[in-house]
Amino acid sequence: MYHMYVDESGDEGMSIRRNNPGTDWFTTGGIIVNEKNIAQFDHKHDLIIKECFINNNVVLPKSFKLHYHELRRKSPPYNKMSINQCKQVADRMFDAINTVDCKLVSVSLNKSSHAAQYGDLAMIRAYTLLVALERFQYFLEDHNDQGKVIYERFNRSIRHRMEIDMKNLKEIPGFPHLADLGNIRGKIIDGNPFNRVDP
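When we follow the numbering used here, the leftmost residue of the sequence shown carries the number 1, and every step to the right adds one.
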């Protein structure tokens with residue numbers, strides 16, 4: 001059994017800053033990990049929390065998650081840490097990821113091109129997720145195995161909207177025919193451990 005952990009970067013709206021082309025892109029990415037390797041990574045993650053935060057008397061909020069974006073911006077709790085301590089967190093996290101056998105999936109979409117072809121910008125997230133799921137399906141077929149998908153933020157309201165958007169996308173004339181996702185078990189799981197309600 002493989003798990004694909006999914007998150008996105010960017011927002012679904014069009015950029016009003018035409019001089020910043022990076023805002024015209026939306027990306028959905030996934031990390032595919034064999035379930036046998038999850039405990040190994042969890043152990044390394046727990047060591048990072050203990051040795052980089054707890055042993056340095058850095059108080060962590062209950063909802064704390066290791067996010068590189070917050071670390072780079074020196075958002076709390078990183079604002080209580082030295083530059084070297086922050087660098088150590090990043091280095092150890094990337095080292096932990098590097099030691100776990102995993103595969104990466106990344107789907108980037110130009111929002112302007114998408115809008116010109118399909119019109120409804122509300123379906124950008126659904127489109128990139130569908131393509132990421134298709135790539136996961138191909139991976140599972142190649143490995144003759146099954147998989148589960150865990151999305152970083154996928155509560156009931158997001159699930160409802162995405163299911164409608166995916167259905168609407170598939171009904172657009174000329175929309176690419178995507179692979180059957182038969183090797184992916186069940187519905188997408190909400191990956192937020194602080195409000196998770198599995199389907």
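Yeah, the Cβ is synthetic: ideal placement off N, Cα and C, and Gly gets one too.
How big is the Cα-Cα spacing for residue i and residue j?
i	j	result
leucine 130	leucine 178	8 Å
glutamine 146	isoleucine 172	29 Å
serine 75	methionine 93	17 Å
leucine 71	glycine 174	43 Å
aspartate 11	lysine 62	26 Å
asparagine 124	asparagine 55	Note that residue 124 corresponds to isoleucine in the displayed sequence, not to asparagine. The alpha-carbon atoms of isoleucine 124 and asparagine 55 are separated by roughly 43 Å.
glutamine 137	glutamate 152	19 Å
valine 6	threonine 28	7 Å
leucine 133	lysine 187	12 Å
alanine 115	serine 9	18 Å
glutamine 117	asparagine 98	38 Å
With a threshold of 6 Å on Cβ separation, who are the neighbours of residue i within its own chain once the five nearest residues in sequence on each side are excluded?
i	result
lysine 148	His3 and Arg185
valine 33	His3 and Cys102
lysine 44	Ala96
methionine 1	Glu35 and Gln146
phenylalanine 41	Val100
If you drop the 5 nearest sequence neighbours on each side, which residues of the same chain put their C-beta closer than 8 Å to that of residue i?
i	result
alanine 90	Tyr68 and Leu71
Report back the beta-carbon spacing between residue i and residue j to the nearest angstrom; my notes put them in contact at under 8 Å.
i	j	result
lysine 111	tryptophan 25	7 Å
valine 100	asparagine 37	5 Å
methionine 81	alanine 126	Actually they do not touch by this definition, with Cβ atoms about 38 Å apart.
arginine 135	valine 105	5 Å
leucine 109	threonine 128	5 Å
proline 77	leucine 60	6 Å
phenylalanine 154	glycine 191	7 Å
According to DSSP, which residues form a beta bridge with residue i?
i	result
aspartate 190	Tyr151
serine 106	Gly29
aspartate 7	Gly29
tyrosine 2	Asn34 and Gly147
isoleucine 184	Gly147
Once the 5 residues before and after residue i are set aside, which same chain residues still bring their CB inside 7 Å of it?
i	result
glutamine 85	Cys52 and Asn56
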